[in-house]
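Here the sequence shown is numbered in my numbering, starting from 430 and rising by one per residue.
To start, the structure under review is shown below, and the notes come after it.
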Amino acid sequence: MVLSLLMPQFDVTGVGLNATDTLILLPKFPAYAGKIAFDEEMYSPGGQVASAMVQCARLGLKVKYIGTVGDDLRGKIQMESLEGSGIDISDVKVVSNCPNQTAYILIDKSTGERTVLWQRADCLRLEADDIREDMIANTRMLHIDGHDTPAVAKAAAIARRHGIPVTVDVDTIYQGFEEVLPNVDYLITSSEFPTAWTGEKDPFHALERIQNQFGMRVAAMTLGHYGALARMGGKFYYSPAFVVNCEDTTGAGDIFHGGFCYALLKGMDLLEAMEFANALAALNCTAIGARGGISTEEEARALIARSDRRINKEFVLRSQRANG
C-alpha cells in the first residue's frame with residue numbers, strides 16, 4: 430500500500446449510478462392486471478451513489494461525484510440537482526445522444542411502498558479507462574456501487590493503494606464483482622445479496638462467510654423497515670429502524686449509505702453510525718422522491734432522541750447469542 434501524499438480535496442467521492450425517476454403516485458396498488466387512476470406524476474432525481482453523495486453534501490461534507498449522465502432532459506435534471514447540492518461534477522461524463530438512466534416508480538400512497546421499473550442504456554457504461562488515479566487519490570473516502578464493475582474495481586484498487594477506505598452499496602450480483610470485494614472496507618448490501626452470493630439462507634452465516642472470504646472490516650446488510658445488521662471484529666451489531674410517517678421508501682437505502690459515510694468520517698463507532706444512518710433513511714421516507722426527505726445531522730439526532738423504533742426481536746436475540 431502506498432499512502433497518498435496529496436492533501437485530500439474531498440471528504441468523500443462517489444463512483445456509480447445516478448438516475449432520474451418518474452414518480453407515479455397511486456392511491457393504492459391495483460390488483461394484478463387491474464386498472465387504477467393515478468394521483469400525480471413528477472420527475473425526481475435519484476440513483477444509488479448520486480443520492481448518497483447528495484446526503485453527504487447536505488451534512489456539510491465536501492463531495493465529488495463521478496459517473497455518466499445522458500444529454501436528454503432527465504440528464505439535465507440530474508446535473509442541476511447535483512450541482513445545486515454543491516457537489517463537484519467536474520469528472521461527470523455527459524454522453525451525447527444518450528438518454529439518462531430512468532425509472533418509473535409506482536408509489537402506493539396508502540403504505541409508502543414502491544415498485545421500480547428501470548432502464549439504463551449501454552451508452553451510459555462507465556469504463557475502467559474513464560477512471561484516473563488523480564480522480565480517486567484526492568479524497569478521504571470512496572463510495573461505490575457494483576454496476577459498472579470494471580470501473581468501480583479500478584477505483585477501489587486505486588483507493589486501496591492510497592490507504593483510502595472504501596464503502597460499497599450492492600444489491601445484486603454483478604459479473605466480476607469478486608474483483609471489487611478484496612478492496613472494500615465497508616460492505617453494506619441489500620438483505621438479498623448475502624444469500625445470493627453465499628447460498629446461505631441465514632443472514633448471520635451469510636455475512637460471516639463473506640467477511641471471512643474477503644476480509645473487509647465490516648460486512649453489513651440493510652433490512653428495510655427493520656433497520657440494519659452488521660458484523661465487525663467477530664461480533665454482530667443490530668440497529669433497529671425508526672418509526673416515522675412513511676410517504677415513500679424510494680432512496681432510503683441510498684440515504685443510509687450517505688449517512689453511514691458521514692458517520693465514519695466523523696469517527697462514530699459502528700453501532701452509532703448504523704443508528705445515525707437509520708435515522709436519516711427514515712427521515713427521507715417522510716417525503717416523496719429518492720431525495721425528498723434528505724435531512725441534517727440535527728434532524729437525525731432529534732429523531733434518535735425520540736427513540737421510537739421498530740425492533741426485530743429475533744435479530745436482537747440472535748446477535749446476543751452469536752456474540753456469546
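Positions of the beta carbon are idealized from the N, C-alpha and C atoms, including for glycine.
Leu-474 lies in the beta strand (DSSP E); which residues open and close that run? Reading the sequence as shown, one finds Pro at residue 474 and not Leu. Note, Pro-474: beta strand (DSSP E), 469–475.
How long is the line joining the alpha carbons of Ala-389 and Leu-610, rounded to whole angstroms? This structure does not reach residue 389, given that the chain is present from 430 up to 753, and the question cannot be answered.
Residues near Gly-663 by beta carbon distance below 7 Å, same chain, minus five either side: none
Using a Cβ-Cβ cut-off of 6 Å (strictly less than) and excluding sequence neighbours within five positions of Cys-675, which residues of its own chain qualify? Gly-541 and Cys-714
Euclidean distance between Cα positions of Asp-558 and Ala-550: 19 Å
Sorted by chain position, which residues of the same chain lie with C-beta nearer than 8 Å to Glu-607's C-beta, five sequence neighbours on each side aside? none
Where in the stretch 675–738 do unbroken runs of the alpha helix (DSSP H), each at least 4 residues long, occur, reported from the N-terminal end onward? 681–694, 699–713 and 726–735
Apply the 10 Å Cβ neighbour rule to Arg-543 and answer buried if 16 or more other Cβ atoms are within range, or exposed otherwise. buried
Using beta-carbon positions only, say whether Ile-717 and Ser-480 come within less than 8 Å of one another. no
Could you spell out where the alpha helix (DSSP H) holding Ile-639 opens and where it closes? 632–643
Take Lys-522 as the anchor and find which of Gln-749, Lys-505, Ala-648 and Val-483 has the nearest alpha-carbon. Lys-505
Quick test of your reading: Ile-573 and Val-595, contact by CB under 8 Å. State the CB separation rounded to the nearest angstrom. 7 Å
For Ala-580, which of Tyr-603, Ile-593 and Thr-568 has the nearest alpha-carbon? Tyr-603
Quick one, which of Leu-455, Lys-464 and Thr-451 has its alpha-carbon nearest Lys-538's? Leu-455
In three-state DSSP terms, what is Ala-649? strand
Determine the closest residue to Gly-476 out of Cys-527, Gln-548, Lys-464 and Met-436, with distance taken between C-alpha atoms. Gln-548
Taking the alpha helix (DSSP H) that Val-806 belongs to, which residues open and close that run? The structure shown does not extend to residue 806, since the chain is modelled only from 430 through 753, so no value can be given for it.
Own chain residues within Cβ distance below 6 Å of Lys-457, not counting five before or after: Asp-537 and Ser-539
Quick one: what's Phe-665 bridged to in DSSP? Arg-660
List, from N- to C-terminal side, the beta strand (DSSP E) runs of 3 residues or more that fit wholly inside the stretch 446–532. 448–455, 469–475, 492–495, 497–499 and 522–524
Cβ separation of Thr-618 and Asp-631, assumed to be a contact under 8 Å, to the nearest whole Å: Not really, about 15 Å apart at Cβ, beyond 8 Å.
Rounded to a whole number of angstroms, what is the C-alpha to C-alpha distance between Asp-614 and Pro-623? 16 Å
Sort Ile-453, Val-444, Glu-556 and Leu-693 by Cα distance to Ile-518 and report the nearest one. Val-444
Going straight from the alpha carbon of Arg-590 to that of Val-647, what length do you get? 19 Å
Go through its chain and collect everything with a Cβ distance to Leu-636's Cβ below 6 Å, but skip five positions before and after it. Pro-623, Ala-648 and Arg-660
Could you tell me which residues DSSP pairs with Ile-534 in its beta bridges? Leu-452 and Val-545
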